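What follows is a short report on a single structure.
Numbering (full-length UniProt numbering), first residue to last: 1 to 260.
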């Protein structure tokens, strides 16, 4: 299962948790893929890049794939409305269709990062989870929007452009993991990205997977990168630098039982 553990001080989106943290007895190990994508100002190019990265993760054995926050669209006010899609109209939503098709064709679960969603005249920072049958398992609208002002460094207010979601989202995928598609900037990334993920893993004694766009993405927002998988004692299992890459690592449920 995926879980959301957001607060107003955190700039990630996300998703779901099962109400009970029970490790499935039928599966002890599987691989997770974190697709750190380079986001451009061309949506079709971003979709193709994500599709290729998903295939690369599957080729390495991943059965759960996580994408970054705002991966089909530069993290920039100039692009949110232009790139937004109405997920209720699947025929007019190429992002939704690609993720659904990829999950079904590869028989995997995809945590689809987040993309701008248009609904009833509002924009939302929205994440979708697709099951191995390609069907939508959950849709989560980011509740705690990222507003920051550091004099001489960065000023950015998501709330100027996005409406906030109003409820947490629960989706049971059978995997006791907290997934954080994120888009931290250089300042907050260096300060918080790793320590927050390690803290949440140790707090909850489970795995934490965080996935970011790469630093060379389009727009003026400088991205931290460093997509990371953390184990239940807070140890880093696998991580990336800031470049475009795919991180594939193994999750072993026995480590959760041992830690607890």
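Note that CB positions come from ideal geometry on N, CA and C, so glycine has one too.
Values in this document were obtained by computation on a predicted structure and should not be read as measured data.
Short of 6 Å in beta carbon distance, which residues of its chain neighbour residue 156, apart from the five on each side in sequence? Order them along the chain. Once the five neighbours on either side are set aside, the close Cβ partners of residue 156 are 148.
Tell me the DSSP secondary structure of residue 210 in three-state form. DSSP places residue 210 in strand when its eight states are reduced to three.
Output yes or no for whether 8 Å exceeds the beta carbon distance between residue 75 and residue 219. Yes, Cβ-Cβ distance for residue 75 and residue 219 is below 8 Å.
May I ask you to verify whether the region 54-70 touches the region 180-189, counting CB pairs closer than 8 Å and requiring at least 3? The region 54-70 is in contact with the region 180-189.
Taking the beta carbon of residue 113 as the centre, do at least 16 other beta carbons fall within 10 Å, making it buried, or is it exposed? Flag for residue 113 reads buried.
Give me the Cα-Cα distance between residue 140 and residue 117, rounded to the nearest whole angstrom. Answer to the nearest angstrom: the Cα atoms are 11 Å apart.
For my contact list, residue 247 and residue 36 are in at a C-beta cut-off of 8 Å; report their separation, rounded to the angstrom. The beta-carbon distance between residue 247 and residue 36, rounded to whole angstroms, is 7 Å. This is short enough to meet the 8 Å contact definition.
Thinking just about the alpha-carbon of each residue, which of 78, 103, 217 and 81 is nearest to the one in residue 243? Selected option, being the one with the closest Cα: 217.
What is the residue span of the alpha helix (DSSP H) that residue 95 lies within? Counting along the chain, the alpha helix (DSSP H) containing residue 95 begins and ends at 94-106.
Chain-order list of residues whose beta-carbon lies under 7 Å from that of residue 252 (same chain, five-residue window excluded): Cβ neighbours of residue 252 beyond the five flanking positions: 28 and 29.
CB-CB length for residue 71 against residue 213, believed under 8 Å: Between residue 213 and residue 71 the Cβ distance is about 6 Å, and since that is below 8 Å, they are a contact.
With a cut-off of 8 Å, do at least 3 Cβ pairs link the region 220-236 to the region 41-49? The answer is no - the region 41-49 does not touch the region 220-236, with fewer than three Cβ pairs under 8 Å.
Own chain, CB closer than 6 Å to residue 129, minus 5 neighbours either side, in chain order: Within the same chain, Cβ atoms closer than 6 Å to the Cβ of residue 129 are found at 111, 137, 138 and 171, the five residues on either side in sequence being excluded.
Quick one: Cα of residue 98 to Cα of residue 144, how far? So the alpha carbons of these two residues sit roughly 27 Å apart.
Compute the distance between the beta-carbons of residue 202 and residue 152, then report whether it is under 8 Å. Against a cut-off of 8 Å, the Cβ pair of residue 152 and residue 202 comes out as no contact.
In three-state DSSP terms, what is residue 244? DSSP, reduced to helix, strand and coil, places residue 244 outside both helices and strands of the structure shown, so it counts as coil.
Could you tell me the alpha carbon to alpha carbon distance between residue 211 and residue 34, rounded to whole angstroms? The alpha-carbon separation between residue 211 and residue 34 amounts to approximately 6 Å.
May I ask you to list the residues that DSSP assigns as paired with residue 114? Beta-bridge annotation (DSSP): residue 114 is paired with 69.
Quick one: what does DSSP say residue 159 is sitting in, helix, strand or coil? In the structure shown, residue 159 sits in a helix (DSSP, three-state: H, G or I).
Pick out whichever of 158, 142 and 50 has its Cα sitting closest to the Cα of residue 168. Among 158, 142 and 50, the Cα nearest to that of residue 168 belongs to 142.
Report the three-state DSSP secondary structure of residue 258 (helix, strand or coil). In this structure, DSSP gives residue 258 a helical state, which the three-state scheme calls helix.
Roughly how many angstroms lie between the CA atoms of residue 255 and residue 159, to the nearest whole one? Distance between the alpha carbons of residue 255 and residue 159 is about 39 Å.
Just curious, the alpha helix (DSSP H) that residue 199 is in, first and last residue? In the DSSP annotation of this structure, the continuous segment of the alpha helix (DSSP H) that includes residue 199 starts and ends at 194-204.
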